[in-house]
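Residue numbers (UniProt numbering): 1 to 110. Every residue gets a Cβ at the ideal spot worked out from N, C-alpha and C, and that includes glycine. None of the values given here were measured: they were computed from a predicted structure. One structure is given below, encoded as C-alpha cells.
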C-alpha cells in the first residue's frame with residue numbers, strides 16, 4: 001500500500017518552517033490517523049434482536065434448562081464416587097475400599 005502523496009525532504013523542511021511547525025504536526029497526526037484507520041478493522045454492528053424479544057427473557061414457549069440429572073443423586077453415591085476417585089489417584093497400587101469396585105470385595109476362597 002502506498003500513500004497518495006509521499007512527502008519530499010524539501011516539503012518537510014517547508015512545513016517545519018511555516019508557523020513554527022504547526023503544519024508539520026498536523027500533517028503527522030493526519031498520517032498517524034490514516035495508518036491506524038487502515039490497521040484496525042471496522043466494528044461490526046450488533047445483530048438486531050428478534051421481534052418481540054424482551055432482554056433477559058427466554059423466547060416464548062420455551063423455558064430454561066433444568067438442573068443436570070447428577071444433581072439429584074443421593075449424597076451417599078457422591079461420597080462413594082469421591083472415595084473411589086481418591087483411592088485410584090492417591091493409592092493406585094492398593095485395593096479400592098469404596099464399596100463399589102469388584103476388586104474391593106474380599107476374594108472368596110473355595
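Is the separation between the beta-carbon of residue 80 and that of residue 96 shorter than 7 Å?
Contact: no.
Does DSSP put residue 1 in a helix, in a strand, or in coil?
Its pLDDT being 46, under 50, residue 1 is placed unreliably in this model, and the coordinates cannot settle the point.
Apart from the five residues just before and just after residue 53, which ones in its own chain have a Cβ nearer than 8 Å to its Cβ?
Here the set comprises 59.
Which residues in the same chain as residue 16 place their Cβ atom closer than 6 Å to its Cβ, once the five residues preceding and following it in sequence are excluded?
Contacts found: 24.
In three-state DSSP terms, what is residue 62?
It is coil, neither helix nor strand.
On the premise that residue 90 lies in contact with residue 100, defined as a C-beta separation below 8 Å, what is that separation, rounded to the nearest angstrom?
Actually they do not touch by this definition, with Cβ atoms about 17 Å apart.
I need the straight-line Cα distance from residue 119 to residue 65, nearest angstrom please.
Because the chain in this structure spans residues 1 to 110, residue 119 falls outside the shown range and cannot be described.
Please give the ranges of any alpha helix (DSSP H) in the region 22-88, keeping only runs that are unbroken, at least 4 residues long and fully inside the region.
The qualifying runs are 22-39.
How big is the Cα-Cα spacing for residue 34 and residue 63?
About 49 Å.
Identify the continuous alpha helix (DSSP H) that holds residue 13 and give its terminal residues.
Taken as a continuous stretch (DSSP letters only), the alpha helix (DSSP H) holding residue 13 covers 9-17.
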